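Below: one structure, written as structure tokens.
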Amino acid sequence: MSHPSLQAFIADCRERASRHAQPALAVEAIAPAMHAFTRDAERFLKPEHYRADPGHYARNAIYIAPEQDLSLFALVWSPGQWTPIHDHGSWGVVSVLRGTLHERSYVRTDHGQSTDTGIDLVPGGVFLLDPGTVTSFVPNPDHIHRTGVPDDGAQVVSLHLYGRNMDSFHIYDFDARSRRRVNVAHNES
Ligand SMILES: [Fe+2]
């Protein structure tokens with residue numbers, strides 16, 4: 066499986082997603098395409114997709130569908146930069162291009178998925194994702210995690226394909242047992 070262009074990869078992912086109404090089946094179908102594309106992705110990405118930000122991890126938009134039903138971002142993480150604990154409200158397929166991305170997962174145990182308070186989170190372990198690795202998530206129940214790079218790590222570049230325009234998500238306050246929806250910024254290409 067090879068993709069002659071970024072546009073071909075996105076079209077291929079859109080076609081694979083369109084075949085499956087169930088998010089879990091959509092990410093199963095897309096993951097091999099992401100895996101193959103990741104080997105060649107550096108050929109297709111432009112310098113603006115590698116922008117870092119000294120203040121926080123950088124979200125560089127590669128593609129946002131006019132229909133708002135698909136988006137692809139390159140995220141650039143400098144050492145010590147982490148997301149807050151968050152969910153996605155969408156399916157997603159993620160791969161690593163450079164460095165080792167750390168993912169710390171959380172399991173929601175209060176049996177609520179739609180409430181914003183009374184949230185019980187239990188730490189669910191850690192994954193270290195090296196270049197070439199593909200991982201995914203689905204909503205309902207949503208995947209809750211934080212990702213980033215430890216202080217003594219090296220810069221990470223990762224690719225994130227979502228089943229919507231990922232312009233907002235819930236962030237969780239572990240101690241307050243609550244969450245709130247926030248808009249998240251990105252750099253345009
Ligand atoms: Fe995430």
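66 is the number of the first residue of the sequence shown in the working numbering; add one for each residue after it. Beta carbons: idealized from backbone N, C-alpha and C, even for Gly. Here the structure is a predicted model, which is why all the values come from computation and not from measurement.
Check	Outcome
How about T200 and L162: are their beta carbons less than 8 Å apart?	no
Ligand 1: which residues have Cβ under 6 Å from any of its heavy atoms, chain order?	H151, H153, H210, T212
State the CB to CB distance for the pair D68 and D152, rounded to an integer number of angstroms; the pair is presumed to be in contact (CB under 8 Å).	Note that residue 68 corresponds to His in the displayed sequence, not to Asp. Contact doesn't hold; Cβ gap of about 29 Å is too wide.
Restricting to Cα atoms, I'd like to know which of R173, T180, P206, E168 is closest to L193.	E168
Between P131 and R229, what straight-line distance do the alpha-carbon atoms span, to the nearest angstrom?	10 Å
For L140 and G157, I'd like the C-alpha separation in whole angstroms.	14 Å
By the 10 Å Cβ neighbour count, where 16 or more other Cβ atoms means buried, how is A73 classified, buried or exposed?	exposed
What does DSSP give as the partner residues of D138 in its beta bridges?	Per the sequence shown, residue 138 should be read as Phe rather than Asp. In the DSSP output, where bridge partners are listed per residue, F138 has A126, H225.
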